[in-house]
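Residue numbers (full-length UniProt numbering), protein chains in the order written: chain B, 1 to 427; chain L, 1 to 427.
Glycine included, each C-beta is placed from N, C-alpha and C at the ideal position.
Bear in mind that the values here come from a model prediction, so they are computed numbers and not experimental data.
2 protein chains.
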Amino acid sequence: MAIDASAFPPATGASHGGHIRLTSHASSAGSREINWGAAVPSHRGPVIGTTGMRAQRNVIGTHSGSYSVYRALAVAAGALSREHRADLTNTAPTDSIGPYPQWCDPSTIVSIDPWGAMIAEAFSAELASGLDIRPTIAVTKAHVSVPEIAEAITRGRLVPDGRVLLPSGAAVVTKVAIEPVWFLPGIASRFGCTETELRRVLFEETGGMFPELVTRPDLEVFLPPIGGQTVYIFGNPTDLANPDVELTARVHDECNGSDVFGSDICTCRPYLTHAIEECIRGTQSGGVGVVAYSRKEGRALGEVTKFLVYNARKRQEGGDTADQYFARTECVAGVQDMRFQELMPDVLHWLGIRKIHRFVSMSNMKYDSIVGSGIEVGERVNIPESLIPLDARVEIDAKMAAGYFTPGPVPDAEALKRVKGRGLTDD
Amino acid sequence: MAIDASAFPPATGASHGGHIRLTSHASSAGSREINWGAAVPSHRGPVIGTTGMRAQRNVIGTHSGSYSVYRALAVAAGALSREHRADLTNTAPTDSIGPYPQWCDPSTIVSIDPWGAMIAEAFSAELASGLDIRPTIAVTKAHVSVPEIAEAITRGRLVPDGRVLLPSGAAVVTKVAIEPVWFLPGIASRFGCTETELRRVLFEETGGMFPELVTRPDLEVFLPPIGGQTVYIFGNPTDLANPDVELTARVHDECNGSDVFGSDICTCRPYLTHAIEECIRGTQSGGVGVVAYSRKEGRALGEVTKFLVYNARKRQEGGDTADQYFARTECVAGVQDMRFQELMPDVLHWLGIRKIHRFVSMSNMKYDSIVGSGIEVGERVNIPESLIPLDARVEIDAKMAAGYFTPGPVPDAEALKRVKGRGLTDD
């Protein structure tokens, strides 16, 4: 195989049959500059991550997060032409979101392309000129039927109104899928390191992913191969930007074991469905609601690490007690948490949010990050005691002692020792 | 920044403060060979994806799939030492799975490290010698409470037995998290291309991820930055390998919008909870059950593409009809589906499965792949009509016409034109 360690992507739209370019240098004459945070789209410039027309690329990485690996498999299998260009007919957002002033500050949003949903309007001239620009955000409408909401109707806590909550029990939502688009100088600034350090560590600590991170300092935007987020909006999306309309909000990090399968070791699904109920109720009384769901399984440690920690917790001497909750994660993973709420407020700013009246979360990390980013937070809504599974007391008490919001008493060190979960062999 | 485009990982345990190696060449003297499919672990050799002790590495990529990017952020932020080594005390599997004969054939399992859960036994000597070997599989126990199962109890379809299904409504499961570990020659063979083609396309079509894919043909194992899978086992895990014990099984591909939020445009969650119910019932009558859940959101196209397709379907001329169901996906994505069930049976072989008595899936792609891999499939269990949401008729009818299993009549072309879903503005 002929290998030419010169340039990826090539400066010209070279054929794919020839040499492989292992990394590229700053010579992509045909590509458009990205002026992150510029107020006018034509000045900001489109994010172009196509692999089909490489001369146009102005980012590191490509679209669809980790699913780019499956796309590559489709090409390898001969099922997909590498030159396929998406037909975007009829795919435009069902609801218009923004532009908002928050979009025009290079430091307010650093992990989302604010123009990612409205490329057809924002970059119409560039699209007409043949640039392969793809949406990084998609907005649609849906009806969602959650069993816990049906239960809330049965018990009389919610009443269908035919608008927000239908007689069938389904809630009417606008939902938004968002791919990560990282502006590397802004990401570095959030984490308190230099951009050079960030690029080097991203390259080295992933086992050598994307050498362009270090060879192409001129490419400031990175489409990382990670999961994105989904936003569920209850009520009118434009109301999110109006601080006079009461906003109920939850920012939820993925927990497949609870969110889908209902594991009783944590409060994830019960808190999520409680937030949906609060959002519906708030919207019915003239407000608006939002749930932002981030793909950060197991505190962004992944599920293998999560299950290893479960075993270490359940088997340690003295059993699974709240006072050892964080210690066990740290032993296995090296940190208590890798979710880094530093990037999380971006989605709220993208939605134009300036005030959250009712924040359905007890996390001090989420709260501090949101307030620190300039969004006002009113009431903090804790999970009702009745929704906490017995085995999840260990987690919730450990978190309250570590700074989670609670309207009740904070457990002390002695109390934490007494809060004990189920053993691995208990029923 | 000093850049030395010579070697990643370095052949020696070089410090991280010096030059950056952009790619590496076949000179890692210190690393162990992997003989994929070898029957004896010491001959097979451990999979070593550590970034902390690079001289030991014998794979491309690193652990935790896409969460390696978050790990890198933790290092960049100064929260995690790059030399942190996991303390694996008490993390061993709660249940022993294998080894099975299927583990010892290099072509039967190509996307999972079969020894990934039992590294402590399989590679005890290597661990003692200081190699930084990490589990790629974790096995734990859990109690799962699914609202639809509580409903099945209320309606008398299920009765708690105190063993598989507790009086609380919780089911007792063994659950397994699995990271992808790809043996590239075997992956290429599954997709009918050469290994050289596969490596090149994986590199180029991801926008230049991991140059080692093309520069290091000696490294045959790749830890891709994608989501893995989770296995839920009902009953005794060792029974899975016994073809005389009735096995109820579902292989489910992630659909966050339905699995978590209950969107009515597809049958994903209803089919999943029906499978859980069937697994519980089957286990109560002396059988065993398994649900394998794969992180392949939106047919592995990702959620942004999925929502774009929803809009195109709902807005097309004539509305969202079943006869246009696949066409709309293909227009946007270039293919109807990117899930590639070719790799899916690996997890079943890892569990030792030789016969599935009751397969809770209508997918012909899944069925063909499983049967083609040598596993016998008995009855195919369709989703009960009463569980199909009204708006999901479009999808299920289109799929039945395209080859999905159904015990009833298959809709013809005329019928498909008449099956129509809700519009974007309908209630």
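Taking the beta strand (DSSP E) that residue i falls in, what are its first and last residues?
{"i": "Tyr229(B)", "result": "In the sequence on display, residue 229(B) carries Gln and not Tyr. Segment Gln229 to Phe234, the beta strand (DSSP E) holding Gln229(B)."}
{"i": "Gly378(B)", "result": "Glu376 to Arg380"}
{"i": "Ala142(L)", "result": "Ile137 to Val144"}
From the beta carbon of residue i, is the nearest beta carbon of chain L less than 8 Å away?
{"i": "Val260(B)", "result": "yes"}
{"i": "Ala292(B)", "result": "no"}
{"i": "Pro211(B)", "result": "yes"}
{"i": "Arg315(B)", "result": "yes"}
{"i": "Tyr325(B)", "result": "no"}
{"i": "Tyr310(B)", "result": "yes"}
{"i": "His19(B)", "result": "no"}
{"i": "Ser263(B)", "result": "yes"}
{"i": "Met338(B)", "result": "yes"}
{"i": "Ser28(B)", "result": "The predicted position of Ser28(B) is uncertain, since its pLDDT is 49 and thus under 50; a value taken from the coordinates is nonetheless stated next. No, Ser28(B) does not count as interfacial toward chain L."}
{"i": "Thr174(B)", "result": "no"}
{"i": "Glu179(B)", "result": "yes"}
Say whether chain B places a C-beta atom closer than 8 Å to the C-beta of residue i.
{"i": "Asp368(L)", "result": "no"}
{"i": "Phe307(L)", "result": "yes"}
{"i": "Gly302(L)", "result": "yes"}
{"i": "Val201(L)", "result": "yes"}
{"i": "Cys266(L)", "result": "no"}
{"i": "Tyr271(L)", "result": "no"}
{"i": "Met53(L)", "result": "no"}
{"i": "Leu416(L)", "result": "no"}
{"i": "Leu424(L)", "result": "yes"}
{"i": "Gly257(L)", "result": "yes"}
{"i": "Asn104(L)", "result": "It is worth fixing the name first, because residue 104(L) is Cys in this sequence and not Asn. By this cut-off, Cys104(L) is not an interface position."}
Could you name the residues of chain L that residue i contacts, counting a contact when the two beta carbons are closer than 8 Å?
{"i": "Leu351(B)", "result": "Within 8 Å Cβ-Cβ: nothing; Leu351(B) doesn't reach chain L, min ~16 Å."}
{"i": "Leu165(B)", "result": "Per Cβ cutoff of 8 Å: no residues; Leu165(B) is ~11 Å from chain L at best."}
CA-CA distance, residue i and residue j?
{"i": "Arg269(L)", "j": "Pro160(L)", "result": "22 Å"}
{"i": "Arg163(L)", "j": "Ile34(L)", "result": "41 Å"}
{"i": "Arg393(B)", "j": "Ile48(B)", "result": "47 Å"}
{"i": "Gly88(L)", "j": "Ser373(L)", "result": "The sequence shown places Leu at residue 88(L), not Gly. Cα to Cα, Leu88(L) sits roughly 34 Å from Ser373(L)."}
{"i": "Arg422(B)", "j": "Asp397(B)", "result": "15 Å"}
{"i": "Leu131(B)", "j": "Thr206(L)", "result": "19 Å"}
{"i": "Glu148(L)", "j": "Met209(B)", "result": "42 Å"}
{"i": "Pro101(B)", "j": "Ser107(B)", "result": "12 Å"}
{"i": "Asp264(L)", "j": "Asp391(L)", "result": "6 Å"}
{"i": "Ser129(L)", "j": "Val201(L)", "result": "37 Å"}
{"i": "Val291(B)", "j": "His252(B)", "result": "7 Å"}
{"i": "Ala402(L)", "j": "Ser363(L)", "result": "10 Å"}
{"i": "Leu127(B)", "j": "Val214(B)", "result": "30 Å"}
{"i": "Thr283(B)", "j": "Asp239(B)", "result": "10 Å"}
{"i": "Lys296(L)", "j": "Ala138(L)", "result": "20 Å"}
{"i": "Leu73(B)", "j": "Leu80(B)", "result": "9 Å"}
{"i": "Tyr310(B)", "j": "Asp320(B)", "result": "9 Å"}
{"i": "residue 429(L)", "j": "His63(B)", "result": "No answer is possible for residue 429(L): it lies beyond the span of chain L, which begins at 1 and ends at 427."}
{"i": "Leu387(L)", "j": "Arg82(L)", "result": "49 Å"}
{"i": "Val304(B)", "j": "Arg418(B)", "result": "28 Å"}
Using a cut-off of 7 Å between C-beta atoms, extract the partners of residue i located in chain L.
{"i": "Leu348(B)", "result": "Here the premise fails: no neighbours, minimum Cβ distance about 19 Å."}
{"i": "Gly334(B)", "result": "Leu80, Ser81 and His84"}
So residue i is in the alpha helix (DSSP H); what residue range does that whole segment cover?
{"i": "His274(B)", "result": "Cys268 to Gln284"}
{"i": "Arg199(B)", "result": "Glu195 to Glu204"}
{"i": "Ser168(B)", "result": "Ser168(B) -> no alpha helix (DSSP H), and no H or E assigned at all."}
{"i": "Ser42(L)", "result": "Pro41 to Arg44"}
{"i": "Lys417(B)", "result": "Ala413 to Arg418"}
{"i": "Phe307(B)", "result": "Glu303 to Arg315"}
{"i": "Gly289(B)", "result": "Note, Gly289(B): premise wrong, no alpha helix (DSSP H); beta strand (DSSP E) at Val288 to Ser294."}
{"i": "Ala152(L)", "result": "Pro147 to Thr154"}
Could you work out which residues of chain L lie near residue i, taking near to mean beta carbons separated by less than 9 Å?
{"i": "residue 439(B)", "result": "Here chain B has residues from 1 to 427 only, and residue 439(B) is not among them."}
{"i": "Glu197(B)", "result": "Ala76"}
Name the chain B residues whose beta carbon is nearer than 9 Å to that of residue i?
{"i": "Leu88(L)", "result": "Leu308, Ala312, Cys331 and Val332"}
Using the beta-carbon of each residue, which ones in chain B are nearer than 8 Å to residue i?
{"i": "Gly49(L)", "result": "Gly207"}
{"i": "Leu127(L)", "result": "What Leu127(L) touches in chain B: nothing, since even the nearest Cβ is about 15 Å away."}
Original post:
Name the residues in the segment 131 to 162 of chain L whose C-beta lies less than 9 Å from a C-beta of chain B; which are they?
Top reply: Arg134, Pro135, Thr136, Ile137, Ala138, Val139, Thr140, Lys141, Ala142, His143, Val144, Ser145, Val146, Pro147, Glu148, Ile149, Ala150, Glu151 and Gly162
Original post:
What are the residues of the segment 55 to 80 of chain B that lie near chain L, defined by any Cβ-Cβ distance shorter than 9 Å?
Top reply: Correct list: Arg57, Val59, Ile60, Gly61, Thr62, His63, Ser64, Gly65, Ser66, Tyr67, Ser68, Val69, Tyr70, Arg71, Ala72, Leu73, Ala74, Val75, Ala76, Ala77, Gly78, Ala79 and Leu80.
Subject >> Positions along the segment 208 to 242 of chain L whose CB lies within less than 8 Å of some CB in chain B >> reply: Gly208, Met209, Phe210, Pro211, Glu212, Val214, Thr215, Leu223, Pro224, Pro225, Ile226, Gly227, Gly228, Thr230 and Tyr232
Original post:
Mind listing which residues of the segment 183 to 194 of chain L have their C-beta closer than 7 Å to chain B's C-betas, in chain order?
Top reply: Phe191, Gly192 and Cys193
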